[in-house]
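**Q**
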Ligand code: MG
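Right, dumping it as structure tokens:
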């Protein structure tokens, strides 16, 4: 087994869609970024790349490369996972915590798990997404942005299933 960790954060910005885990969430503001700024997909991408020893999202999809401008991050996650799979790894499980003051993500967590699992070529039972607030503290508490932590477990090439 190999375990990888991922972290990402993005600031809120007016005039952007809020996309988390590949799901568009109704909210007056979205997240700023070169791609669609899906911090959940970005953190999971780093977790799987870390577990496979394949670098990180910034090295695979440089943010000064125009081909990734406004890219769908759930598609980038799928592209990254295909590299991980090419190296012989299988996803065992991914676990995600989103730290966000508003909006409430509870109604969207199942859809996020489905979308992430689709990109990772597993059933949704292999992906867990949780959300919590920062209890009003600091930049997350003031609603300035979102932070995401992710852990991915991969089965190494050649290990018994
Ligand atoms: Mg990011």
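Residue numbers (my numbering): 22 to 182. We treat Cβ as the ideally placed atom computed from N, Cα and C, and that holds for glycine. For clarity, every value in this text was computed on a predicted model and none was experimentally measured.
#1: Could you pull the start and end residues of the beta strand (DSSP E) that residue 115 belongs to?
#2: In this structure, does DSSP put residue 132 in helix, strand or coil?
#3: Going by the C-beta, is residue 131 closer than 6 Å to any heavy atom of the ligand MG?
#4: Look up residue 31 in the DSSP assignment and say whether it is helix, strand or coil.
#5: In angstroms, rounded to a whole number, what distance separates the CA positions of residue 133 and residue 68?
#6: Under 8 Å: do the segment 91 to 108 and the segment 151 to 168 share three or more Cβ pairs, one atom per stretch?
#7: Using C-beta distances below 8 Å, list every residue in its chain close to residue 147, excluding the 5 sequence neighbours before and after it, in chain order.
#8: Within its chain, find whatever has a CB closer than 7 Å to the CB of residue 153; leave out the 5 residues flanking it on each side and keep chain order.
#9: Within the same chain, show all residues whose beta-carbon is closer than 8 Å to that of residue 144, passing over the 5 residues directly before and after it, in chain order.
#10: Is any non-hydrogen atom of the ligand MG found closer than 6 Å to the C-beta of residue 67, if you look at the structure I gave you?
#11: What does a CB cutoff of less than 7 Å around residue 93 pick up in its chain, not counting 5 residues either side in sequence?
#12: If residue 70 and residue 42 are in contact, beta carbons under 8 Å, what's the gap, nearest whole angstrom?
#13: Indicate the three-state DSSP secondary structure (helix, strand or coil) for residue 166 in the structure shown.
#14: Thinking C-alpha only, which one of 65, 55, 74 is nearest residue 83?
**A** According to the data block:
#1: 111 to 120
#2: helix
#3: no
#4: strand
#5: 16 Å
#6: no
#7: 112, 113, 114, 115, 138, 141
#8: 118, 120
#9: 138
#10: no
#11: 57
#12: At roughly 17 Å, the Cβ-Cβ gap does not stay under 8 Å, so residue 70 and residue 42 are not in contact.
#13: strand
#14: 55
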